[in-house]
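Colleague: Numbering (my numbering), first residue to last: 249 to 908.
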Ligand code: 6R9
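#1: Ligand 1 heavy atoms versus the CB of residue 642: any closer than 7 Å?
#2: As an exercise, report each continuous beta strand (DSSP E) stretch of at least 3 residues that is fully enclosed by the segment 442-500, in chain order.
#3: For residue 198, count neighbouring Cβ atoms within 10 angstroms of its own Cβ and tell me buried if that reaches 16, exposed if not.
#4: Express the C-alpha separation of residue 414 and residue 390 in angstroms, rounding to a whole number.
#5: Contact defined as beta carbons within less than 8 Å: I believe residue 802 pairs with residue 827. What is the distance between those atoms, to the nearest angstrom?
#6: Below 7 Å, is the gap between the Cβ of residue 727 and the nearest heavy atom of ligand 1?
#7: Assuming the contact rule is C-beta atoms closer than 8 Å, residue 267 and residue 682 should be a hit. Round their C-beta distance to whole Å, please.
#8: With burial defined as no fewer than 16 other Cβ atoms inside 10 Å of the residue's Cβ, what is the status of residue 877: buried or exposed?
#9: How big is the Cα-Cα spacing for residue 763 and residue 770?
#10: Nearest by alpha-carbon distance to residue 633: which of 616, 595, 615, 608 is it?
#11: Residue 394 by DSSP, collapsed to three states: which one?
#12: Let me know if residue 609 comes out buried or exposed under the rule of 16 or more other beta-carbons within 10 Å of its beta-carbon.
#13: Give the single residue among 581, 786, 709 whose Cα lies nearest to the Cα of residue 359.
#14: Tell me whether residue 417 sits in a helix, a strand or coil according to DSSP, three-state version.
#15: Leaving aside the five residues before and after residue 816 along the sequence, list all residues of the same chain whose C-beta is less than 6 Å from its C-beta, in chain order.
#16: Which whole-angstrom value is the C-beta distance of residue 895 and residue 735, which I expect to be below 8 Å?
#17: Would you call the CB atoms of residue 862 and residue 830 closer than 8 Å?
#18: Anyone know if the C-beta pair for residue 699 and residue 679 falls short of 8 Å?
#19: Just to confirm, are residue 433 and residue 486 a CB contact at a threshold of 8 Å?
#20: Look at the alpha carbon of residue 890 and the alpha carbon of residue 402, and state the distance between them as a whole number of angstroms.
#21: Fully enclosed by the segment 517-589, which beta strand (DSSP E) runs are 3 residues long or longer?
#22: Could you tell me which residues DSSP pairs with residue 787 in its beta bridges?
#23: Taking DSSP as the reference, what is the three-state secondary structure of residue 322?
#24: Which complete alpha helix (DSSP H) runs does the segment 261-347 hold, if anything under 4 residues is left out?
#25: What's the gap between the Cα of residue 504 and the Cα of residue 451?
#26: Would you check whether ligand 1 has a heavy atom nearer than 7 Å to the C-beta of residue 740?
#27: Select from 720, 409, 702, 276 the residue whose C-alpha is nearest the C-alpha of residue 709.
#28: Can the beta-carbon of residue 688 be found closer than 8 Å to that of residue 260?
#29: Hey, quick one: how far does the beta strand (DSSP E) through residue 813 stretch, first residue to last?
#30: If you follow the beta strand (DSSP E) that residue 955 is in, where does it begin and where does it stop?
#31: Going by CA-CA distance only, name the one from 584, 660, 676 that's closest to residue 729.
#32: Please state the DSSP three-state secondary structure of residue 361.
#33: Buried or exposed for residue 856, please, with buried defined as at least 16 other CB atoms from any protein chain shown within 10 angstroms of its CB.
#34: Excluding the 5 residues preceding and the 5 following residue 919 in the sequence, name in chain order all residues of the same chain whose CB lies nearer than 6 Å to its CB.
#35: What are the start and end residues of the alpha helix (DSSP H) that includes residue 847?
#36: In its own chain, which residues sit with a C-beta less than 6 Å from the C-beta of residue 369, not counting the 5 before and 5 after it?
Below is the structure:
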């Protein structure tokens with residue numbers, strides 16, 4: 249029986265005694281005491297952690313300001329600097345010579361930097377940015393692969409009070425352009441190219457293409473880090489080599505002290521409608537939760553080696569690479585490559601080589617590595633020494649119990665708790681997650697809310713549903729690291745996250761959830777909007793549809809749905825009506841390839857539909873509404889059992905069935 253069905257036969261994993269004994273949060277009583285402390289004095293709870301974990305230039309006197317709800321403010325009269333907290337603060341605590349980052353390149357070369365070295369590098373970039381006139385409040389887009397330079401560039405922006413917006417290196421020129429335009433960035437930081445899986449992929453030339461598409465007049469400079477020395481074009485007066493800009497810059501730079509509410513970064517994510525939204529995060533509240541969750545969810549200690557495999561282009565890379573582990577003075581791995589190069593044992597070899605003790609990755613990676621390991625002993629975790637591991641983590645999508653068990657047994661040797669962390673770009677850090685020294689684990693459940701987080705499951709009217717009954721996941725109280733607004737679109741912020749139906753009261757996550765009837769453990773049941781989760785990446789179905797119909801030469805109409813996929817969680821399935829007769833056979837294959845490439849160019853390779861089917865029309869109601877629930881069944885190759893009486897054109901269903 250699974251956690252969603254009841255609780256009588258749940259498989260429960262207790263925290264290992266040794267870990268529980270020494271953990272920051274030791275045992276369920278300690279967890280409950282924290283929750284009660286937050287309940288008794290909500291503001292005092294967060295204020296206490298904010299004073300302990302962060303250094304403030306001006307201490308805050310106000311904690312939470314709700315006067316403009318849902319635009320909440322935290323610690324608003326306090327001032328601080330995020331880069332000071334991640335670097336200088338640790339050096340002042342005597343950690344200057346401690347390794348901050350162990351960088352492993354795609355080809356295996358290892359570079360280490362200490363806190364002192366990372367501070368010097370960050371300050372040189374910060375001074376370089378200042379020399380170009382970049383100042384507090386300006387936006388800087390960062391389009392770069394996983395690297396020490398990438399982390400330092402983010403820290404450098406924070407140091408001078410510039411708001412960074414990192415765009416994942418897999419996004420196309422068009423997507424990059426849209427983000428540059430929306431942020432009004434004054435500069436783009438990039439590299440000549442990126443190296444992944446033994447291949448060199450362009451970055452700078454995509455920046456050139458993006459800027460040439462127009463609408464990016466705000467950009468004065470493009471700063472280029474040399475990664476591989478590939479030949480690239482440099483536009484005089486605009487493009488500069490990072491090395492030249494920083495060469496003569498001092499290695500110290502007075503931090504710009506900003507209000508706790510100052511926007512630290514914007515990060516674009518997909519919603520159910522329209523273009524991706526620029527999620528705006530604060531400095532103080534965000535950094536607090538990054539530090540607190542890194543400390544408690546991962547039980548980070550002084551001698552841990554922490555490895556989060558996410559890319560800095562996603563929120564997980566922001567919170568659990570650039571900010572959280574550094575704010576605590578941790579040692580972390582930054583990895584440039586992919587899990588399957590030179591073979592699917594890469595993760596296991598790196599854990600062995602660097603003696604990683606905390607490993608945080610996505611279910612989709614685990615599932616693909618299970619397949620590889622089952623086919624070849626040489627890349628099976630058992631062929632490596634993984635005894636350094638003590639805690640495992642999962643993020644980005646639900647982890648199915650079978651993958652959980654494999655991860656637990658084969659990677660964690662049966663002795664490492666798995667923290668299945670539920671959270672979102674908008675939440676800034678973990679929301680529902682086990683604490684490894686406290687929470688008994690149930691595979692497939694992200695268990696209980698992080699202390700202080702008031703997560704609940706409600707119905708459409710905002711009323712609590714009983715445990716054991718599915719509903720809508722909400723957060724009842726504002727929390728420090730929550731999204732502040734959607735950049736340039738406060739109305740959309742309100743509509744997306746604090747809609748009227750909930751009387752503007754609760755934060756609406758966009759996911760469904762159910763609590764176990766007996767334990768109250770949460771299981772996330774998936775998005776309740778038109779957002780897909782493909783390999784842990786959020787994609788709006790509307791976004792992909794508009795990319796398809798923007799191929800005006802070929803496409804008349806398109807509808808996109810998700811269907812379950814063994815490896816990627818969900819797969820993108822597109823139903824397309826062409827402006828020409830419905831193609832079949834080889835012609836259909838050729839056009840499908842053409843459309844896939846088109847979407848790759850419009851959004852990026854991650855948005856390419858796995859399955860494209862052609863029809864003379866789409867299934868519609870008499871009023872012309874596309875019947876997506878039928879498309880979802882067709883995508884799964886399920887027999888149609890739903891009511892089709894409102895369907896205008898039933899014959900279309902046969903055409904759109906699995907026709908290849
Ligand atoms: C951090 C991150 C957020 C969406 C979220 C949900 C899904 C993330 C999950 C999970 C089940 C987990 N999600 N973690 N679902 N269990 N542990 O992934 O942010 O890219 O914004 O995605 O991902 O659907 O709403 P983001």
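Even glycine gets a Cβ: it sits at the ideal position worked out from N, Cα and C. These figures come from a predicted structure and were not determined experimentally.
Modeller: According to the structure data:
#1: Indeed, a heavy atom of ligand 1 lies less than 7 Å from the Cβ.
#2: Secondary structure remark: continuous beta strand (DSSP E) runs of at least 3 residues inside the segment 442-500, in chain order: 447-450, 469-473, 487-489.
#3: This structure does not reach residue 198, given that the chain is present from 249 up to 908, and the question cannot be answered.
#4: Whole-angstrom Cα-Cα distance: 5 Å.
#5: Yes, they are in contact, since the Cβ atoms of residue 802 and residue 827 sit about 6 Å apart, within 8 Å.
#6: For residue 727, the shortest C-beta to heavy atom distance toward ligand 1 is 7 Å or greater.
#7: No, residue 267 and residue 682 are not in contact; Cβ-Cβ is about 12 Å, not under 8 Å.
#8: It counts as exposed.
#9: About 4 Å.
#10: For residue 633, the closest of 616, 595, 615, 608 by C-alpha to C-alpha distance is 595.
#11: Note: residue 394 maps to coil in three-state DSSP.
#12: Flag for residue 609 reads buried.
#13: If we check each option's Cα against that of residue 359, 581 comes out closest.
#14: DSSP places residue 417 in the coil class of the three-state scheme, outside both helix and strand.
#15: So the list reads 612, 782, 783, once near-sequence residues are dropped.
#16: So it is not a contact: roughly 41 Å between Cβ atoms.
#17: Contact check for residue 862 against residue 830 passes: the beta carbons are separated by less than 8 Å.
#18: Cβ atoms of residue 699 and residue 679: not closer than 8 Å.
#19: Between residue 433 and residue 486, the C-beta spacing is not below 8 Å.
#20: Here the C-alpha atom of residue 890 lies approximately 50 Å from the C-alpha atom of residue 402.
#21: Within the segment 517-589, the complete beta strand (DSSP E) runs of at least 3 residues fall at 525-529, 553-556, 579-583.
#22: Bridge partners of residue 787: 780.
#23: Look at residue 322 here: in three-state DSSP terms it is strand.
#24: Listed in chain order, the complete alpha helix (DSSP H) runs (minimum 4 residues) inside the segment 261-347 are 265-270, 276-288, 290-301.
#25: Cα-Cα distance, rounded: 30 Å.
#26: Not one heavy atom of ligand 1 is found less than 7 Å from the C-beta of residue 740.
#27: For the set 720, 409, 702, 276, the Cα lying nearest the Cα of residue 709 is the one of 720.
#28: It is a contact, given that the beta carbons lie within the stated cut-off.
#29: In the DSSP assignment, residue 813 falls within the unbroken beta strand (DSSP E) covering 803-813.
#30: Any answer about residue 955 is impossible in this case: the structure gives the chain only from 249 up to 908.
#31: Of 584, 660, 676, the residue nearest in Cα terms is 676.
#32: It is a strand residue.
#33: Burial of residue 856 is indicated by the presence of at least 16 other C-beta atoms within 10 angstroms of its C-beta.
#34: The first residue shown for the chain is 249 and the last is 908, placing residue 919 beyond what the model contains.
#35: Note, residue 847: alpha helix (DSSP H), 833-850.
#36: Residues 400 of the same chain have their beta carbon placed closer than 6 Å to that of residue 369, with the five preceding and five following residues left out of the count.
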